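Undergrad: If you scroll down you'll find the structure; I have some questions about it.
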Amino acid sequence: MKGTLIFVVFYSSYGFAHCNTILRSSSLSRNFEDSLRRIPRSTDKDETGFEDSNVQEVIFILLYCLFVALAILICGLIIFYNSRKRELRANRSRGDEYLLEPTSADHKRRNSSNIVPPEPTPYPITSGESDLRQTPSRLSNVECPPELELAPINEKIMYLHYYAEVEINEEDLDISKGRPLGSGEFGIIRKGFLRSKNSKNEEKESRLEVAVKLPLNEYNQIQQELIYDELKVMCAVGKHPNILALVGGITFGERKMIVSEFVENGDLLSFLRDNRIYFTNDQWTLETEQDSLSLVDLLSFAFQIAKGMEYLIHVPCVHRDLALRNVLIKKNRIIRIADFGLARRHKNKDYYKTQSVDTPLPIHWMAPESIDKLLFTQKSDVWSYGVCLYELFSLGKSPYENVIKYDQRDFYWKYVLSYLNEGKRLAQPAHADAEIYNVMKLCWDLDMNSRTTFLDCIEFFEKELKTTSNEYFLDLTRKLRSETNNQLRLSNWLSDEKHCDS
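Quick note on numbering: the sequence shown equals residues -19 to -1, 1 to 483 in mature numbering (1 follows the signal peptide of the UniProt record, and there is no 0).
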């Protein structure tokens, strides 16, 4: 045993005040015996008739045994610590902590459970048809409590599994060092390229443009866990043309990463604000300039967001932070809903305080029950969708921008809640007619059970699209089908890479 052990023995009984210090563990016994011989012995008898020397010998033996036992205990603790450290290192190298392979028994349990997995159907979905997709997630029915089996996936993240087949080798990922695409409370998003060898020609390498989400601080364990939780949620959500698609994840390295498809036009809010000057109410045709922005585009965005949110209901997943800043748009005007369930991690209302006048307040998109009780449901997502409609048909205006009072900023959430409970709502935006504004108000009913549904919104905006430009609607149908195939190719792209590695 390395180091120096210091053992101090105090003799206060029988008038002794002697202190022995024993150094160097390799000669403990010899030093201990030498120190004992230097202790003066008394031949006086105590009141019981025993000699002090006999009593001292008993005490010395007991102390000696205690010392030996203590030394053995310390040695045992050191051995246990080292073996435990080696075991944890081995587990990390194998990835057992993060990669869970599905077993046939697990698949059997899922098939026999009451959870009905989504089934793929062609696009677009007309009213009355199922809008479900097959998801790759697996819930552990053994570990998950029965009362949570049908709950939204972001309520049972700890029971979700992450599959090895979506694991990406970090060496195959090139991350841009330039300006990030975006950042949040705990993560930063950068552009990247994922390299893969062709299965038919290993010398030919292809590169896939991707978005990579990393923790803001790679040494922050909480941020690492949040990234990993979001990765599991995205695995469970699956693929849908109006949902941001997961390409894969990295869990083996020093930092966790989420690798998703790259959406070239950024977030929808910025897109609307940047293209306000190009807005026109002219009739849309296939020859309409790509840079223009028309009313039919706004109807399309509203329709697509509703379809994506309706899909999440069947996963099931509550978004909790639906806003146009969290909706991405491709060059072909197909949108992707991103950033699932991030608001759920903030357990107090202080998160919703703003730090600057120009900072968008997440509270502006929240339903009253979410503000007051932090209650998030599919119906609270419907409320947020209504605020998204306000953003859409106002071409990117900030909600409640004229409501804020600077003297009440510290208790702003209370002010907004009082404002809503009084029946006050956002005004009718400039490019929304009375029927569209009525849909918005149906989203903002104080009684959550009386609010409209995403399915109703899909039916409404599908009808509006067909009435405004059936040609646009048919073109949108073709694009959605094409996007479905593109997302499937993302999965095949990663599978092709795995095949090459094997």
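Ideal Cβ placement from N, Cα and C applies to all residues, glycine included. It should be emphasised that the depicted structure is a prediction, and the values quoted were computed from it without experimental measurement.
1. Could you tell me the alpha carbon to alpha carbon distance between Lys161 and Val240, rounded to whole angstroms?
2. Leaving out the 5 sequence neighbours to the left and right, which residues in its chain are closer than 8 Å to Ser472 when beta-carbon positions are compared?
3. Measuring CA to CA, which of Leu175, Leu373, Trp394 is closest to Ala411?
4. Count the CB pairs spanning the region 311 to 318 and the region 206 to 225 that are closer than 8 Å, and state whether there are at least three.
5. Would you mind sorting Gly234 into buried or exposed? The rule is 16 or more other CB atoms within 10 Å of its CB.
6. Candidates Ser187, Phe174, Arg188: which alpha carbon is nearest Lys194's?
7. Does the distance from the C-beta atom of Lys311 to that of Glu245 stay below 8 Å?
8. Within its chain, find whatever has a CB closer than 7 Å to the CB of Ser351; leave out the 5 residues flanking it on each side and keep chain order.
9. How many Å lie between Thr434 and Met421 at the Cα?
10. Along the chain, where does the alpha helix (DSSP H) containing Gly289 start, and where does it finish?
11. On the CB-based measure, 16 or more other CB atoms within 10 Å of its CB, does Lys237 come out buried or exposed?
12. Counting along the chain, where does the beta strand (DSSP E) carrying Val244 start and finish?
13. Going by DSSP, what residue range makes up the beta strand (DSSP E) through Asp210?
14. Quick one: Cα of Gln37 to Cα of Leu44, how far?
15. Apart from the five residues just before and just after Leu253, which ones in its own chain have a Cβ nearer than 6 Å to its Cβ?
16. Rounded to the nearest angstrom, how far is the Cβ of Val147 from that of Leu227, given a contact under 8 Å?
17. On the criterion of 16 or more Cβ atoms from any shown chain inside 10 Å, does Ala413 qualify as buried, or is it exposed?
18. Measure the alpha-carbon distance for Gln359 versus Ile294 and round it to whole angstroms.
19. On a Cα-Cα basis, can you pick out the residue from Ala192, Ile149, Asn150, Tyr292 that is closest to Ile169?
20. Can you round the beta-carbon distance between Leu407 and Tyr366 to whole angstroms, since I take them to be within the 8 Å contact cut?
21. Output needed for Pro349: all residues of its chain with C-beta closer than 7 Å, excluding positions within five of it in sequence on either side, in chain order.
22. Quickly, what does DSSP pair Ile169 with across the bridge? List them, please.
23. First and last residue of the alpha helix (DSSP H) that includes Gly367?
24. Spell out a yes or no on whether the region 275 to 288 and the region 462 to 469 are touching, meaning 3 or more CB-CB pairs, one atom from each, closer than 8 Å.
25. Confirm, please, whether the CB-CB distance from Gly229 to Ile149 is below 8 Å.
26. In the structure shown, what three-state DSSP assignment does Leu471 receive?
27. Please state whether DSSP places His221 in a helix, a strand or coil.
28. Mark Ile60 as exposed unless 16 or more other C-beta atoms lie within 10 angstroms of its C-beta, in which case mark it buried.
29. Taking Arg303 and Cys216 to be in contact with their CB atoms under 8 Å, please state how far apart those CB atoms are, rounded to whole angstroms.
30. Out of Cys298, Phe48, Leu189, state which residue places its alpha-carbon closest to the alpha-carbon of Gln468.
31. Count the other CB atoms, across all protein chains shown, that sit within 10 Å of the CB of residue 567; report buried if there are 16 or more and exposed otherwise.
32. Could you name the residues that DSSP lists as bridge partners for Glu190?
33. I need the boundaries of the alpha helix (DSSP H) containing Leu309, first residue and last residue.
34. Taking Phe441 as the reference, give the member of Leu423, Met429, Glu452 with the closest Cα.
35. Inspect the beta-carbon positions of Arg306 and Asp248 and report whether they are closer than 8 Å.
TA: In this structure, then:
1. Working through the sequence shown from its first residue, we reach residue 161 at position 180. Working through the sequence shown from its first residue, we reach residue 240 at position 259. Note on identity: in this sequence residue 161 is Pro, with Lys being the wrong assignment. Looking at the backbone, the Cα of Pro161 and that of Val240 are separated by about 14 Å.
2. The sequence position of residue 472 within the sequence shown is 491, counting from 1. The residues are Lys220.
3. On the sequence shown, residue 411 is found 430 positions in, with the first residue counted as 1. Check the Cα spacing between Ala411 and each of Leu175, Leu373, Trp394: the tightest is with Leu373.
4. They touch, by the three-pair rule.
5. Here residue 234 refers to the residue found at position 253 of the sequence shown. It is exposed - the Cβ of Gly234 has fewer than 16 other Cβ atoms within 10 Å.
6. Residue mapping note: residue 194 aligns to position 213 of the sequence shown, counting from 1. Ranked by Cα distance from Lys194, the options Ser187, Phe174, Arg188 are led by Phe174.
7. As a first step, residue 311 must be located in the sequence shown, where it is residue number 330. As a first step, residue 245 must be located in the sequence shown, where it is residue number 264. It is a contact, given that the beta carbons lie within the stated cut-off.
8. Stepping through the sequence shown from its first residue, residue 351 is reached at position 370. Within the same chain, Ser351 has close Cβ partners Phe357, Ser361.
9. Indexing the sequence shown from 1 puts residue 434 at position 453. Indexing the sequence shown from 1 puts residue 421 at position 440. Whole-angstrom Cα-Cα distance: 11 Å.
10. Sequence index remark: in the sequence shown, residue 289 carries index 308 (1-based). 276 to 295 is the span of the alpha helix (DSSP H), which, as asked, contains Gly289.
11. On the sequence shown, residue 237 is found 256 positions in, with the first residue counted as 1. Buried, because 16 or more other Cβ atoms sit within 10 Å of the Cβ of Lys237.
12. Numbered from 1 along the sequence shown, position 263 holds the residue referred to as residue 244. Taken as a continuous stretch (DSSP letters only), Val244 belongs to no beta strand (DSSP E), as it is neither H nor E.
13. As a working note, residue 210 is residue 229 in the sequence shown. Asp210: not part of any beta strand (DSSP E); member of the alpha helix (DSSP H) spanning 202 to 218, first to last residue.
14. Taking the first residue of the sequence shown as 1, we reach residue 37 at position 56. Taking the first residue of the sequence shown as 1, we reach residue 44 at position 63. Gln37 and Leu44 have their C-alpha atoms some 10 Å from each other.
15. Here residue 253 is taken as the residue at index 272 of the sequence shown, counted from 1. Leu376, Gly377.
16. By one-based count along the sequence shown, residue 147 stands at place 166. By one-based count along the sequence shown, residue 227 stands at place 246. Confirmed, Cβ separation roughly 7 Å.
17. Residue mapping note: residue 413 aligns to position 432 of the sequence shown, counting from 1. Buried, since its Cβ has 16 or more Cβ neighbours within 10 Å.
18. Here residue 359 corresponds to residue number 378 of the sequence shown, with the count starting at 1. Here residue 294 corresponds to residue number 313 of the sequence shown, with the count starting at 1. Cα to Cα, the separation comes out at about 7 Å.
19. Counting from 1 along the sequence shown, the entry for residue 169 is found at position 188. Of Ala192, Ile149, Asn150, Tyr292, the residue nearest in Cα terms is Ala192.
20. Taking the sequence shown and counting its residues from 1, the one referred to as residue 407 is at position 426. Taking the sequence shown and counting its residues from 1, the one referred to as residue 366 is at position 385. With a beta-carbon spacing of about 13 Å, Leu407 and Tyr366 fall beyond the 8 Å limit used to define contacts.
21. On the sequence shown, position 368 is the one that residue 349 refers to. By the criterion of a C-beta distance shorter than 7 Å, Pro349 is surrounded in its chain by Leu398, Leu401, Asn402, Leu427, once the five residues flanking it on both sides are discounted.
22. By 1-based counting over the sequence shown, the position of residue 169 is 188. As DSSP reads the structure, Ile169 sits in a beta bridge with Ser164, Leu195.
23. Position 386 of the sequence shown, counted from the start, is the residue given in the question as residue 367. Counting along the chain, the unbroken alpha helix (DSSP H) around Gly367 starts and ends at 359 to 374.
24. Inter-segment contact for the region 275 to 288 and the region 462 to 469 is absent: fewer than three beta-carbon pairs are separated by less than 8 Å.
25. The count along the sequence shown starts at 1 and reaches residue 149 at position 168. The count along the sequence shown starts at 1 and reaches residue 229 at position 248. Yes, they are a contact pair.
26. Residue numbering aside, residue 471 sits at position 490 when the sequence shown is read from its first letter. It is helical.
27. If you number the sequence shown from 1, residue 221 lands on position 240. Judged by DSSP in its simplified three-state form, His221 adopts strand.
28. On the sequence shown, residue 60 is found 79 positions in, with the first residue counted as 1. Within a 10 Å sphere around the beta-carbon of Ile60 sit fewer than 16 other beta-carbons, which makes this residue exposed.
29. In the sequence shown, residue 303 corresponds to position 322, counting from 1. In the sequence shown, residue 216 corresponds to position 235, counting from 1. The sequence given here has Leu at residue 303, not Arg. Going by Cβ atoms, the distance from Leu303 to Cys216 rounds to 20 Å, so no, they are not a contact pair.
30. Taking the sequence shown and counting its residues from 1, the one referred to as residue 468 is at position 487. Closest in C-alpha terms to Gln468, from the list Cys298, Phe48, Leu189, comes Leu189.
31. One cannot answer for residue 567 here, as it falls past the ends of the chain, which runs -19 to 483.
32. For the purposes of this step, residue 190 is taken as residue 209 along the sequence shown, with counting starting at 1. Here Glu190 is bridged, per DSSP, to Phe174.
33. If you number the sequence shown from 1, residue 309 lands on position 328. Going by DSSP, Leu309 is part of no alpha helix (DSSP H) but of the beta strand (DSSP E) stretching over 308 to 310.
34. Mapped onto the sequence shown, residue 441 falls at position 460. Comparing Cα-Cα distances from Phe441 to each of Leu423, Met429, Glu452, the minimum goes to Leu423.
35. The residue you call residue 306 lines up with position 325 of the sequence shown. The residue you call residue 248 lines up with position 267 of the sequence shown. Result yes, Cβ atoms of Arg306 and Asp248 sit closer than 8 Å.
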